[in-house]
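Asks: Residue numbers for the sequence shown follow the numbering used here, so the first one is 768 and each next one is one higher. Glycine residues also receive a C-beta, built at the ideal position from the N, C-alpha and C atoms. This is the structure I have questions about; it appears just below.
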Amino acid sequence: MKAADKHQEQNYPFHIPQFVLVNSSRKIYLPREYILTKGDEARYVHILLEGSVNIVNQFDTGDHYCFAHTKALDYLGEIEFLANKSHYASTCIAENACHTLQIPCNVVNQWIDADPAFLRLITTAMAEKSYYASDLRGIELFYPSTMLTALYIVRNIGISGIGDFSTEQEIRVLHARRQEISDEISLSVRSVNRAIGHLKQKDLIQISKGKVALNRKQYKELCRFADYHV
768 MKAADKHQEQ NYPFHIPQFV LVNSSRKIYL PREYILTKGD EARYVHILLE
818 GSVNIVNQFD TGDHYCFAHT KALDYLGEIE FLANKSHYAS TCIAENACHT
868 LQIPCNVVNQ WIDADPAFLR LITTAMAEKS YYASDLRGIE LFYPSTMLTA
918 LYIVRNIGIS GIGDFSTEQE IRVLHARRQE ISDEISLSVR SVNRAIGHLK
968 QKDLIQISKG KVALNRKQYK ELCRFADYHV
């Protein structure tokens with residue numbers, strides 16, 4: 768293992784045994800490249816070391832639904848592994864340059880047998896994904912498009928709280944394209960545009976060079992509107 772890899776490993780929340788490293792492969796994926804594909808044989812679990820990934824469900828019609836987003840450090844394919852399923856149930860697409868450690872499932876089994884603490888980490892990661900997916904699905908069933916769009920904005924604009932704003936006048940921008948928002952919350956682009964228009968009319972957001980933007984006051988009011996607690 769290279770010195771740089773050893774340095775990275777020191778930052779992991781777990782120790783990767785030597786037998787895992789020698790039986791695994793380092794992989795690099797470019798933006799929009801598929802890491803895992805729905806329907807393929809579930810032969811590997813990936814540890815996402817760097818980058819972020821969109822988790823997508825694809826359908827025979829050609830439509831796709833982006834139901835989750837994750838970033839390093841995390842696992843990909845662990846749900847199928849833990850559920851003892853033979854094929855991947857969703858597609859994982861690199862959002863930006865991603866580095867992973869691709870581990871054969873039989874090696875993951877050996878790692879779990881050798882280190883029960885690792886089992887807790889990987890099952891916790893799976894439970895967090897399942898919790899988020901269940902929560903979002905409930906919101907989709909009962910909330911109108913404007914509420915869904917507002918929730919997406921406050922969850923993804925990259926702000927962890929009011930204190931992130933240095934002044935009342937500072938503007939924060941959501942860099943996601945309308946199609947990305949549409950894919951994430953399973954609404955048409957037309958519905959997203961209409962919802963953004965409603966939020967702008969309420970002065971909960973503003974538009975900067977075609978992108979959704981807001982200041983500190985608007986962020987606070989949008990969180991209240993969306994019943995979102997940071």
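CA-CA distance, Ala861 and Leu803?
Replies: For the pair Ala861 and Leu803, the Cα-to-Cα distance works out to about 10 Å.
Asks: How would you label Glu947, buried or exposed, when you count the other beta carbons within 10 angstroms and need 16 or more for buried?
Replies: So Glu947 counts as buried.
Asks: With a threshold of 16 other CB atoms inside 10 Å of the CB of Thr867, please say whether the residue is buried or exposed.
Replies: buried
Asks: Which same chain residues, not among the five before or five after Ile822, have their C-beta less than 6 Å away from its C-beta?
Replies: Close CB contacts of Ile822 within its chain, under the 6 Å cut and outside five residues either way in sequence, are with Ala835, Ser857, Cys859 (chain order).
Asks: Just the Cα atoms here: how many angstroms apart are Ser819 and Ile795?
Replies: 12 Å
Asks: Using 8 Å for Cβ pairs, my map puts Thr913 next to Ala962. What's the rounded Cβ distance?
Replies: 4 Å
Asks: Please go through the same chain and pick out, in chain order, the residues whose beta-carbon is closer than 7 Å to the beta-carbon of Leu989, but skip the five residues on each side of it.
Replies: Ala917, Ile920, Val921, Leu971, Ile972, Leu981
Asks: Could you give the DSSP three-state label for Ser958: helix, strand or coil?
Replies: helix
Asks: Classify Gly977 as buried or exposed, calling it buried when 16 or more other Cβ atoms lie within 10 Å of its own Cβ.
Replies: exposed
Asks: Which residues bound the alpha helix (DSSP H) around Asp880?
Replies: 872-881
Asks: My guess is that Glu808 and Ala839 are in contact by the Cβ rule of under 8 Å, so how many angstroms apart are they, rounded?
Replies: About 25 Å separates the Cβ atoms of Glu808 and Ala839, ruling out a contact at the 8 Å cut-off.
Asks: Go ahead and pull the three-state DSSP assignment for Ser792.
Replies: strand
Asks: For Ile926 and Tyr986, which I take to be in contact (beta-carbon distance under 8 Å), what is that distance rounded to the nearest angstrom?
Replies: 6 Å
Asks: Going by C-alpha distance, which of Ser792, Cys865, Asp950, Phe786 is nearest Leu1001?
Replies: Because the chain is modelled from 768 through 997, residue 1001 falls outside the range shown and cannot be assessed.
Asks: Let me know the secondary structure DSSP gives Gln973 once reduced to three states.
Replies: strand
Asks: Based on the DSSP secondary-structure assignment, which residues constitute the bridge partners of Cys990?
Replies: Answer by DSSP bridge pairing: none, since Cys990 is not bridged.
Asks: Could you check which residue in Ser853, Asn863, Gln968, Asp882 has the C-alpha nearest to that of Cys872?
Replies: The candidate whose alpha carbon is nearest that of Cys872 is Ser853.
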